[in-house]
Amino acid sequence: MTEQQGFPLPSQIADVPGAENWRSMYQYFTRFQPDDDKRFWFYNSMHFPEPIPAFDSVTSEIPYQAIGANTARLFVFPTTLGIEHRIVNGRVYITANPVLDPAEIGRRAEVFGPRAGYYFEHWDSLYEGWKERLRGLIAEIEGIQVPQLPEWEDDDVVFESRGVAQNHYLVENFNKCLALYSKMWHHHTEMLMLGYGAYVVFFQFCQQAFPEISDQTVARMVAGIDVIMYRPDDELKALARLAVELGVDDLFVEGAVAADVLAALETRGEAGAKWLDEFAKARDPWFHVSSGDGFYHHHLSWNDDLTVPFTALPGYVAAVKAGGIAPRPTKQLMAERERIATGYRELLPTDDEKAAFDQMLGLCRLVFPFVEDHKFYCEHWFTTRFFQKIKEFGALLARVGVLTEADDVFHLHHTEIDLALSDLSLAWAAGSPPLGAGHFQPIIAERKRMIKVLKDWSPPAALGPVPEALNDPAVRMLWGITQERIESWLNPDPDEVVGVAASSGVVEGIARVLHDVAEIGSLREGEILVVPVTAPSWAPVFAKIQAAVSDIGGSMSHAAIVAREYGMPAVVGCGDATKRIRTGDRVRVDGDRGTVRVL
69 MTEQQGFPLP
79 SQIADVPGAE
89 NWRSMYQYFT
99 RFQPDDDKRF
109 WFYNSMHFPE
119 PIPAFDSVTS
129 EIPYQAIGAN
139 TARLFVFPTT
149 LGIEHRIVNG
159 RVYITANPVL
169 DPAEIGRRAE
179 VFGPRAGYYF
189 EHWDSLYEGW
199 KERLRGLIAE
209 IEGIQVPQLP
219 EWEDDDVVFE
229 SRGVAQNHYL
239 VENFNKCLAL
249 YSKMWHHHTE
259 MLMLGYGAYV
269 VFFQFCQQAF
279 PEISDQTVAR
289 MVAGIDVIMY
299 RPDDELKALA
309 RLAVELGVDD
319 LFVEGAVAAD
329 VLAALETRGE
339 AGAKWLDEFA
349 KARDPWFHVS
359 SGDGFYHHHL
369 SWNDDLTVPF
379 TALPGYVAAV
389 KAGGIAPRPT
399 KQLMAERERI
409 ATGYRELLPT
419 DDEKAAFDQM
429 LGLCRLVFPF
439 VEDHKFYCEH
449 WFTTRFFQKI
459 KEFGALLARV
469 GVLTEADDVF
479 HLHHTEIDLA
489 LSDLSLAWAA
499 GSPPLGAGHF
509 QPIIAERKRM
519 IKVLKDWSPP
529 AALGPVPEAL
539 NDPAVRMLWG
549 ITQERIESWL
559 NPDPDEVVGV
569 AASSGVVEGI
579 ARVLHDVAEI
589 GSLREGEILV
599 VPVTAPSWAP
609 VFAKIQAAVS
619 DIGGSMSHAA
629 IVAREYGMPA
639 VVGCGDATKR
649 IRTGDRVRVD
659 GDRGTVRVL
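Start counting the sequence shown at 69; every next residue gets the next number (the numbering used here).
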């Protein structure tokens with residue numbers, strides 16, 4: 069490794085001018101501490117590609133509680149504890165706490181083996197139970213009532229002797245939302261970390277047995293999966309076919325606005341009514357997918373903002389009219405994965421090694437669908453409902469004058485919302501106005517202004533000294549953080565953007581750099597998508613593009629998985645592709661070498 073350079077220490081990061089008060093938005097335990105200068109941190113732009121509003125910090129606070137509890141306390145992973153996070157200038161940096169002592173690794177392995185083994189042995193039945201639990205949590209979050217605080221209670225409260233007035237439920241039901249979000253995240257990690265662990269064990273076996281094997285080659289041995297995260301995209305394809313069958317396809321043209329198309333369909337008689345009816349059926353639950361990755365309140369679901377699906381529909385309609393929508397190359401991928409696996413298996417010298425290879429690969433293929441499927445239930449369906457419910461509390465606070473508008477609630481930390489609701493509960497009981505407007509409205513105005521300022525800050529890819537070991541399974545799989553990746557960040561190639569070779573193939577085309585999901589409507593057919601990170605709900609967009617390039621991500625990040633399933637080149641984990649490539653540049657994406665060159 070070269071002399072340490074390029075990564076500033078956390079203590080060296082200056083406040084962004086005009087946003088010096090950014091710390092007021094977040095909890096004290098999210099701040100860098102003096103000893104943190106001794107540790108390696110990397111910017112989690114996969115989940116947090118922009119500054120975080122105060123409430124949205126709950127989407128790092130609660131998930132990292134659950135992830136650490138799962139790996140360190142529940143299953144007792146041998147080589148890793150939990151993930152710590154810090155916030156600086158509104159951006160989330162994380163580090164994984166490794167277990168390095170061989171004796172401690174062995175002690176933990178004795179506990180981990182039977183616990184993980186139980187889940188692996190009963191995976192299918194446990195997964196069915198998991199889905200039931202998640203649907204139950206979704207039903208609970210949807211069923212939470214936000215008290216409306218009428219002038220006086222209904223007769224039923226008295227004559228059914230309930231004995232509890234509505235203001236009691238203000239704080240209780242708000243905290244129930246948080247408790248359900250926490251439970252969801254515990255279930256989110258319940259099987260996910262084991263899925264990552266199974267893949268990493270197989271990956272390490274392959275690295276040792278076949279020293280020249282690439283990350284992508286190992287990943288291709290588990291490609292060709294049919295997962296629920298593709299169902300929203302499949303629903304769009306069905307709607308495109310229906311539009312052509314019914315003769316309303318002329319409405320679906322490039323750049324069309326969703327509201328205009330829907331309004332026009334209402335004037336198209338029985339055909340329009342039938343399409344709208346099928347559209348309504350598809351929306352619940354399949355349009356409860358966030359346009360982001362489920363970590364920001366303003367990354368709206370398809371149901372809240374129809375831009376993403378209506379960006380994809382014209383292309384699908386055109387494909388149907390031209391002879392049919394090309395299916396994902398799943399069969400080819402499955403044939404290829406068998407060819408690759410068989411070839412490498414034959415290179416193993418002993419029957420025992422071949423049996424171990426078979427067992428590990430079989431386990432990977434068993435658990436891998438969960439690695440993608442959980443996203444729909446957790447980050448998308450549940451989290452969409454969670455943010456919608458929090459906004460209902462914001463609407464109540466706006467109605468009584470505490471907030472200017474419902475969305476202002478997201479510029480308060482969850483502990484501050486608790487205070488605002490307690491204030492309202494007291495005021496309603498006393499027959500007086502709440503005092504929150506004078507207290508919170510200036511704070512919210514200042515935070516909105518700071519968030520805008522912080523958007524222009526360019527966070528370093530990493531902070532602190534280069535680590536001796538990176539052995540957290542999620543860090544390599546999801547974020548693509550390896551010693552080689554760190555080296556490329558420290559010493560970037562001036563002529564090429566270098567990342568993880570995530571999906572094979574070489575193409576040239578025009579780049580479209582998107583920094584925000586709100587810009588997705590500008591994407592045009594045949595372009596090369598360059599983004600900080602893609603979200604699962606962007607799957608329809610992959611039907612329009614030639615290749616994908618992302619700043620962050622490993623061989624098992626979403627962009628990598630979807631690119632392989634759609635059979636297109638992808639390079640992920642580039643670090644700074646969105647800074648070095650501009651919209652309109654002609655670029656060559658080499659998904660075999662993991663490079664992107666501006667031509």
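Note that the Cβ used here is the ideal one computed from N, Cα and C, for glycine as well.
Among the options, nearest to residue i - alpha-carbon criterion
| i | options | result |
| --- | --- | --- |
| Leu-344 | Leu-333, Leu-260, Asp-352 | Leu-333 |
| His-688 | Pro-166, Ala-134, Phe-242 | Nothing can be reported for residue 688: it is not among the residues displayed for the chain, which extend from 69 to 667. |
| Leu-494 | Ser-193, Tyr-364, Val-239 | Val-239 |
| Asp-658 | Lys-647, Thr-651, Ala-631, Arg-650 | Ala-631 |
| Arg-656 | Pro-600, Val-575, Ala-308, Gly-589 | Val-575 |
| His-668 | Val-316, Gly-136, Val-225 | Summary: the structure shown does not reach residue 668, with the chain confined to residues 69 through 667, and so no result is reported for it. |
| Pro-397 | Ala-291, Lys-422, Pro-560, Ala-424 | Ala-291 |
| Arg-203 | Leu-248, Gly-231, His-236 | Leu-248 |
| Gly-643 | Leu-262, Thr-550, Trp-253, Glu-447 | Thr-550 |
| Ser-369 | Glu-447, Ala-339, Arg-230 | Glu-447 |
| Pro-215 | Glu-633, Ser-490, Asp-619, Gln-276 | Ser-490 |
| Met-636 | Val-232, Arg-553, Ala-570 | Ala-570 |
| Pro-117 | Trp-557, Gly-337, Trp-547, Glu-595 | Trp-547 |
| Glu-587 | Trp-606, Ala-474, Cys-274, Glu-404 | Trp-606 |
| Leu-260 | Glu-178, Asp-441, Asp-224 | Asp-441 |
| Lys-244 | Glu-595, Leu-434, Pro-353, Phe-454 | Phe-454 |
| Ala-140 | His-190, Ile-173, Ile-162, Tyr-111 | Ile-173 |
| Leu-429 | Arg-413, Ala-341, Glu-129 | Arg-413 |
| Phe-270 | Gln-614, Met-545, Val-639, Ile-554 | Met-545 |
| Asp-192 | Val-640, Phe-438, Leu-401 | Phe-438 |
| Thr-646 | Leu-667, Ala-616, Glu-633, Arg-661 | Ala-616 |
| Leu-503 | Glu-514, Ile-512, Ala-488 | Ala-488 |
Rounded Cβ spacing between residue i and residue j (contact assumed at less than 8 Å)
| i | j | result |
| --- | --- | --- |
| Arg-159 | Asp-104 | Between Asp-104 and Arg-159 the Cβ distance is about 15 Å, and since that is not below 8 Å, they are no contact. |
| Glu-313 | Ala-350 | Not a contact, Cβ separation roughly 15 Å. |
| Val-565 | Arg-648 | 6 Å |
| Thr-148 | Val-167 | 6 Å |
| Gly-506 | Ala-579 | Not really, about 49 Å apart at Cβ, beyond 8 Å. |
| Phe-320 | Pro-382 | 5 Å |
| Leu-77 | Gly-532 | 6 Å |
| Pro-535 | Phe-100 | Wrong, their Cβ atoms sit about 17 Å apart, outside the cutoff. |
| Ala-603 | Ser-359 | 7 Å |
| Arg-183 | Pro-146 | Rounded, the Cβ-Cβ distance is 11 Å, inconsistent with contact. |
| Val-435 | Ala-266 | 5 Å |
Residues that DSSP places opposite residue i in a beta bridge
| i | result |
| --- | --- |
| Arg-656 | Glu-576, Arg-665 |
| Ala-638 | Ser-571, Ala-616 |
| His-153 | Ile-162 |
| Phe-110 | Ile-162, Ala-530 |
| Val-581 | Val-598 |
| Leu-148 | First, the residue type needs correcting, since residue 148 is Thr and not Leu in the sequence shown. Paired residue(s): Pro-166. |
Burial state of residue i (16 or more Cβ within 10 Å)
| i | result |
| --- | --- |
| Phe-180 | buried |
| Trp-220 | exposed |
| Thr-379 | buried |
| Val-226 | exposed |
| Gln-72 | For Gln-72, the predicted model reports a pLDDT of 45, less than 50, meaning its position is unreliable and no value from the coordinates is stated. |
| Thr-70 | Low confidence applies to Thr-70: its pLDDT is 39, below 50, so where it sits in the model is not reliable, and the reading given next is rough at best. Label assigned to Thr-70: exposed. |
| Leu-205 | buried |
| Asp-224 | exposed |
| Val-232 | exposed |
| Leu-582 | buried |
| Pro-510 | exposed |
| Asp-294 | exposed |
| Ser-618 | buried |
| Gly-337 | exposed |
| Tyr-94 | buried |
| Val-325 | exposed |
Distance cut-off 7 Å: residue i Cβ against heavy atoms of the ligand ADP
| i | result |
| --- | --- |
| Gln-133 | Annotation note on the ligand ADP: not contained in the displayed structure, which lists no ligands. |
Exercise for the section: Would you check if the segment 413 to 420 and the segment 617 to 626 touch, i.e. whether three or more CB-CB distances between them fall below 8 Å? Expected result: no
Problem - Inter-stretch contact (C-beta, 8 Å, three-pair minimum) for the segment 71 to 91 and the segment 512 to 529 - result: yes
Problem - contact_flag[the segment 521 to 531, the segment 590 to 610] where n(CB pairs < 8 Å) is 3 or more - result: no
Practice task
Could you say if the segment 274 to 289 and the segment 380 to 397 meet the contact criterion of at least three C-beta pairs nearer than 8 Å?
Solution key: no
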